[in-house]
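Residue numbers (my numbering), protein chains in the order written: chain A, 2 to 547; chain B, 399 to 1009. Built from N, CA and C at the ideal position, the CB exists for glycine as well. Since the structure is predicted, the reported quantities are computational estimates derived from the model, not experimental observations.
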């Protein structure tokens, strides 16, 4: 609360009370003191609203991040990164701003309105009624107006969207534009949307200009009415001069929140849209065990029995998969795109859960084993591995807590990437990605392999993760693996016959089924996919030219 | 997706930059002057209202009479009307400036983007350019128009109040405003703190955005490494930092605002004290006292917003810097004034002066290196007869794409020259060359619009019949007719509603319609089913017929059917001849071919391989 009530006292005292008249400084001090108290409250208002809104924003971001890390695997397959980031950053910020600014303002406005009205009524009922005569009108007008203007806002948004699309398509298709020398055409096209957007915004602004102007007119008119009728009643002796001053000052306080109304309404609309978008993420189901899972020691014996799996959209991916692997064996998988090779491995890693049949690891049903536990025990290198924008060493260290450097180097040697890394200027401290060194596809794969090796898992999966590595390095890596990781059960998805032929067991898949199973010697001697691939890769060069 | 770092804000006011911006405001001089006048009027009337109250108190209340009250009411009403009109005028004028400046800068920026060289496009992410052209321009326009409103209004009002106060009672005015210097010092101090704090917040914010990006992009890997908790812990560190900095930034405002209010109230208190005494001594009227009290409150209103306005101007300046850097970037490839004189520029070509093109191409001693890279081509020589089809083969990075880029004049040779029909192509305009050039990309790019629109892009004045013929020629007609609305089907943004193969066929039709003399094809490796592949092959053959053509080839059938195959390695032609000749030589081409042969065979069985 500001000075007015004291202003009144002072004026009144000038008119009547002699003591105060001699000591006006007391009133001045009171004004300053009150303002100081007001200031302290304002400070706490600022501080607490910041703390509250920022901690809500912090919490939201943490929750979103946590959620996005823990949703089910298929979510990432269809996720649109740009859109998600937008939700996690600007939408959260919209909510935060609403909380920090508008909500507190609404609270303050309501409080002030209440106080002002109470004091005004206690002073002069008739005058109070006059003070509020136009306010419902302004209120109604604001609300109705913003309802109407909403459409115009929407039109602007759409027009801006078109502008963005034209710009985006022009920039991404610049080569096409140049190749057809279509710059003039593009310029006209852009000018059209640019002009349209300008028109729509101008339109919106002139609508708003009407609104501002009219609501200001009503507000100022209300002030005038208060002043004139106040003067009339004061002169005719129904009211004191002090009361008049109080009313003229309070009127401003009364009008201000009413005029803010429109603004708050639009912001509220935006905020609820933002909240809806955030909620969509939060409503995603989590990738969690339904019940407490087992945490057994893993040896590496694996048995698939009549396993079936289909995606949520009903597409059958794996049908009646049955095979058995003993600890330390190497299994190679071959098959056309979409035959279900990767999905088979994802099932083993519990990124998806199988619908029927059974997968047993060392005789324990996979479904009963804790998800995170099994993922810790099975190292998997994805076809397109992701390296975090940290140093290479940090990327490797994250595989296992407290791993010593020797082990890192040793694993990097097995993956044939140690020499590559040390050839970088900063060696293992080279920053990966954005602001650091861009690694080639093959180098990335090998760093990812190193990371999987450091983990020291009883089961290793290479999901076509040597595809970008040349044949010789591929062979060398496999040789090193065989020597160092004798007891590890290994799965390799590949289409290289050299890789496949060395495996203890080869699975050939097609359309979600295992169509051939066995060793190289067996498979190569019977007609089928494996043999065809083998023939192609072993075609004598002369046969080609012949 | 590409993320880019939030740029450092320049701390100083950059006058030369604002001077440059002035150029864009100049066309709206009329509105600017009107806006300034209106804002001065608004500020002025805001100063008058308290004077009205003073008049009412002194002349009606104190005197105790009604005479003239209706006239007073009428005048008050008139002022209200004028002020309301002013508000409307200010919004309209500011709106005109905002939308106008934004429109102009966007147009200018777009024009420049159309002319910038590919060296620029190669190193600048599209997202960066988009941000310049959208949000940065918007912010700048907003601030120029509305920042101006706030500034003129605040300034007029403060000056007006000070003048009226000084005029009415010099002594009392000085006493009431004695806190202003203190306020100025406090403001400068806090403004800086607040700005700095906000900069820090923005920086952390961009790191959080980066973390989200990485969190989502790397989610699969995170799952397989079971790193969810560690990642969350790191992320929480960031958000905590964000919390701390944001709250600190808010705290400065939380201290600053009460400070302004309290300092203001000292002014009010002083006015009250001295004014009150003066009223009793009857040196000033009651009305004057009330006036001074209202003025001391009103005077500090604009000050509260100072921090906000100032920081808006700062971020607008940063936006302006980025936009100007985009607009001021000069294209590296330009036509000489003489060439422009006779052949026209891209926006205003003079095709009547263009010579016919035959299609003989010569590379003579061409050297080329990209901006920061090693030499890609060294003393490169090549002679191609009109109508020949050339297949370029070689490993990634061998220089195939560079040869094509040079031919299209997307880049120019560092030294040496490229002759078309015996004339250095720098002596002709870019528009001339590019109008005679068909270029089909590895990944076909379509624009949103209908199928017909997209084909017509090759020749804007083509009749519907020509479009259908072009589509028929590349075997696209059949699938187009099967689409929901045939040629009128919307292809979606970037052609997203069509398959890759379909997009390729449409881009071929587009190229055929343009009927270029020289044709460049950057062949796609992307997988299409065997049937589509055959259709595409057939289309390629038709497109190439009778034109000088360069193909960066990946498919054996395309390579085999070329008149000449050039094997490129490290920027040099190491083998040159047709298929049977090169196979007989059993060199690089032979090995390349056999490998490729195997891969294609495998692909037929296994689908996507090596992708």
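Query, Result
"Given a cut-off of 7 Å, decide if residue 491/B and residue 433/B are closer than it, judged by their beta-carbon atoms.", "yes"
"What are the residues that DSSP puts in a beta bridge with residue 506/A?", "332/A"
"Comparing alpha-carbon positions, which option in 458/A, 487/A, 495/A and 154/A lies nearest residue 470/A?", "495/A"
"In angstroms, rounded to a whole number, what distance separates the CA positions of residue 441/A and residue 364/A?", "41 Å"
"Would you mind working out which of 238/A, 179/A, 98/A and 180/A sits nearest residue 273/A, comparing C-alpha positions?", "98/A"
"Just to confirm before moving on: does the CB-CB distance between residue 880/B and residue 865/B stay below 7 Å?", "no"
"Under 7 Å, CB to CB, which of the residues in the stretch 220 to 242 of chain A have a partner in chain B?", "221, 222, 225, 228, 229, 232, 233, 235, 236 and 242"
"Apply the 10 Å Cβ neighbour rule to residue 3/A and answer buried if 16 or more other Cβ atoms are within range, or exposed otherwise.", "Because the pLDDT of residue 3/A is 45, which lies under 50, any placement of that residue in the model is unreliable, and the number read from its coordinates should be weighed accordingly. Buried, by the Cβ-count rule."
"Which residue or residues does DSSP assign as beta-bridge partners of residue 974/B?", "964/B"
"Which value, in whole angstroms, describes the spacing of the CA atoms of residue 778/B and residue 757/B?", "19 Å"
"Determine the direct distance from the alpha carbon of residue 958/B to that of residue 476/A, and round the result to whole angstroms.", "33 Å"
"For the alpha helix (DSSP H) holding residue 948/B, just list the boundary residues, first then last.", "Here residue 948/B belongs to no alpha helix (DSSP H); instead the beta strand (DSSP E) covers 946 to 950."
"State buried or exposed for residue 60/A, treating a residue as buried only when at least 16 other CB atoms are found within 10 Å of its CB.", "exposed"
"Would you list, in chain order, the members of the stretch 485 to 507 of chain B that have their beta-carbon closer than 9 Å to a beta-carbon of chain A?", "485, 486, 487, 488, 489, 490, 492, 493, 494, 496, 497, 498, 500, 501, 504 and 505"
"Shorter than 7 Å from the beta carbon of residue 546/A to some beta carbon of chain B?", "Here the model assigns residue 546/A a pLDDT of 47, short of 50, so the residue's position is not dependable, and the following value carries that caveat. It does: the Cβ of residue 546/A has a partner Cβ on chain B nearer than 7 Å."
"Report the neighbours of residue 615/B on chain A: residues whose CB is nearer than 7 Å to its CB, in chain order.", "82 and 387"
"Residues of chain B with a CB under 8 Å from the CB of residue 495/A: which are they?", "Correct list: empty, because the minimum Cβ distance to chain B is about 10 Å."
"Applying a beta-carbon distance threshold of less than 7 Å, which residues of chain A neighbour residue 629/B?", "70"
"Between the C-alpha atoms of residue 356/A and residue 314/A, what's the straight-line distance to the nearest angstrom?", "13 Å"
"Does the separation of the CB atoms of residue 919/B and residue 872/B fall below 7 Å?", "no"
"Would you mind stating whether residue 228/A and residue 235/A have Cβ atoms separated by less than 7 Å?", "no"
"Determine the closest residue to residue 786/B out of 961/B, 614/B and 938/B, with distance taken between C-alpha atoms.", "961/B"
"Per DSSP, what kind of secondary structure is residue 787/B in: helix, strand or coil?", "strand"
"Do you know whose CA, among 619/B, 613/B, 517/B and 481/B, lies nearest residue 633/B's CA?", "613/B"
"Where does residue 383/A fall in DSSP's three states?", "coil"
"Within the same chain, show all residues whose beta-carbon is closer than 6 Å to that of residue 855/B, passing over the 5 residues directly before and after it, in chain order.", "908"
"Taking residue 611/B as the query, report the chain A residues whose CB atoms sit under 7 Å from its CB, ordered along the chain.", "82 and 86"
"Beta-carbon of residue 400/B versus every beta-carbon of chain A: anything under 7 Å?", "Summary for residue 400/B: the model assigns pLDDT 35, below 50, so the residue's position carries little reliability, and this model does not support an answer."
"According to a CB-to-CB cut-off of less than 8 Å, which residues of the stretch 510 to 534 of chain B neighbour chain A?", "511, 512, 513, 516, 519, 524, 527, 528, 531 and 532"
"Between the beta-carbon of residue 477/B and the beta-carbon of residue 443/B, is there less than 7 Å?", "yes"
"For residue 475/B, which residues in chain A fall below 8 Å Cβ to Cβ?", "222 and 225"
"Throw me the rounded Cβ distance for the residue 493/A and residue 463/A pair, which I believe falls under 8 Å.", "5 Å"
"What are the residues that DSSP puts in a beta bridge with residue 836/B?", "917/B"
"Can you pull the chain B neighbours of residue 471/A, defined as C-beta to C-beta under 7 Å?", "In chain order: nothing, as chain B lies at least about 12 Å away."
"For residue 724/B, which option in 451/B, 466/B and 524/B has the closest C-alpha, if you only look at C-alpha atoms?", "524/B"
"Could you tell me whether the Cβ of residue 745/B comes closer than 7 Å to any Cβ of chain C?", "Reference to chain C is not applicable here, since the protein chains of this structure are A and B."
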